[in-house]
């Protein structure tokens, strides 16, 4: 209950999607280079992926970091053959401020254990299928590099959980229910475009039928510099879905769920994965970091 409450306090109030700016608004050298390559691993990536219907580790698992419960988004690997699951950086937030700034907010340190679970709810902790370690946190990285781009400070909300090497054969990179991702989305979506995600908030009490999400891009956010995409849905992501992965109508990995607005209709903000990944490639210290494509075909 404490875990969900911590995330609820952040997401239900707009969370990190509406943080105050940090700095003078000028992009830093690190965030202004939009020509950096976007690297995507092949579906097999040279690793023994488990079959999607038998994999214990995959996108859409519940991730418990300190007092925060989130949902994992996509699978990543690197030049050393390590395997990671992505989540939101704000899952490791340490504090009570309702609108924390990613460039100043305190987070748990790298190396913090992250429990990956299924079936967690307000009544039960669920089943722990593995425990990984926090290997990258975009908030900590921006603070370490002195990031002064307010758009990055507001929307770069991405972290990586390193999985134990002996569990690599228990991982499948496909997004549950939808399949994919088939590529990394690098284009700005248009108003009216459909998106598809998968969240597993413990607030739902294990009702997995509510985990698949569909939504519509509300409008191009011209003030976000491409860092954020606003989505409306009849059943939006709720606290505990934070970090969930979303793909576009072609099955390309588009974004990670960052915030919930209580406007009418409710709106979610997705942080742009291509920008989050590019930032991590520069500042994580993880060589050859890249997204892994799903083994299952995408179907909307």
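In this note's numbering, the protein residues as written are 29 to 328. Ideal Cβ placement from N, Cα and C applies to all residues, glycine included. None of these values were measured; they are calculated from a predicted model.
Distance between residue j and residue i (C-alpha atoms, nearest Å)
i	j	result
residue 199	residue 223	24 Å
residue 108	residue 307	19 Å
residue 99	residue 180	21 Å
residue 280	residue 114	16 Å
residue 97	residue 229	8 Å
residue 283	residue 151	30 Å
residue 21	residue 238	Nothing can be reported for residue 21: it is not among the residues displayed for the chain, which extend from 29 to 328.
residue 313	residue 166	12 Å
residue 168	residue 273	21 Å
residue 174	residue 71	35 Å
residue 148	residue 158	14 Å
residue 111	residue 67	15 Å
residue 250	residue 203	29 Å
residue 190	residue 160	5 Å
residue 287	residue 129	13 Å
residue 318	residue 305	8 Å
residue 291	residue 75	44 Å
residue 278	residue 69	18 Å
residue 262	residue 126	25 Å
Contacting residues, own chain, Cβ-Cβ under 6 Å from residue i (five flanking each side not counted)
i	result
residue 316	106 and 107
residue 89	100 and 144
residue 86	200
residue 232	238
residue 156	143 and 145
residue 324	80, 202 and 207
residue 117	165, 166, 167, 185, 186 and 187
residue 138	162
Span of the alpha helix (DSSP H), counted from its first residue to its last, around residue i
i	result
residue 205	Unbroken run through residue 205: none, as it is neither H nor E.
residue 86	Looking at the DSSP string, residue 86 is not in any alpha helix (DSSP H), and its letter there is neither H nor E.
residue 306	301 to 311
residue 141	Element bounds for residue 141: not the alpha helix (DSSP H) but the beta strand (DSSP E), 141 to 146.
residue 173	166 to 173
residue 267	Looking at the DSSP string, residue 267 is not in any alpha helix (DSSP H), and its letter there is neither H nor E.
residue 113	Residue 113 -> not in any alpha helix (DSSP H); beta strand (DSSP E) instead, spanning 111 to 115.
residue 195	Neither: residue 195 is in no alpha helix (DSSP H) and is coded neither H nor E.
residue 188	That residue, residue 188, is in no alpha helix (DSSP H); its beta strand (DSSP E) goes 187 to 190.
residue 183	178 to 183
Residues near residue i in its chain [Cβ-Cβ closer than 7 Å; skip 5 each side]
i	result
residue 93	119, 120, 136, 140, 142 and 162
residue 330	Nothing can be reported for residue 330: it is not among the residues displayed for the chain, which extend from 29 to 328.
residue 83	198, 199 and 200
residue 131	50, 170, 171, 175 and 181
residue 154	90, 145, 146, 147 and 148
residue 77	199, 200, 201 and 323
For residue i, the nearest candidate out of the options (CA to CA)
i	options	result
residue 103	230, 190 and 320	320
residue 327	191, 77, 210 and 268	210
residue 252	266, 71, 78 and 182	182
residue 257	129, 301, 268 and 148	301
residue 201	133, 155 and 80	80
residue 207	149, 267, 276 and 146	276
residue 254	271, 178 and 270	178
residue 264	172, 278 and 289	289
residue 285	291, 278 and 269	269
residue 91	291, 278, 69 and 271	271
residue 267	171, 95 and 322	95
residue 303	131, 221 and 212	212
Same chain, Cβ closer than 8 Å to residue i, neighbours up to 5 away in sequence not counted
i	result
residue 134	121, 122 and 123
residue 54	For residue 54, the predicted model reports a pLDDT of 33, less than 50, meaning its position is unreliable; a value from the coordinates is still stated below. The residues are 176 and 177.
residue 226	87, 88, 99, 203, 204, 205, 206, 239, 240, 241, 272 and 273
residue 220	244 and 245
For residue i, the first and last residue of its enclosing beta strand (DSSP E)
i	result
residue 285	280 to 289
residue 240	240 to 245
residue 127	Where residue 127 is concerned, there is no enclosing beta strand (DSSP E), given that its DSSP letter is neither H nor E.
residue 98	96 to 99
residue 118	Segment: none, residue 118 is in no beta strand (DSSP E) and carries neither H nor E.
residue 90	90 to 93
residue 256	256 to 260
For the structure I just gave you, are there three or more beta carbon pairs, one from the region 187 to 199 and one from the region 214 to 229, closer than 8 Å?
no
Counting beta carbon pairs with one atom in the region 243 to 257 and one in the region 283 to 301, are three or more of them shorter than 8 Å?
yes
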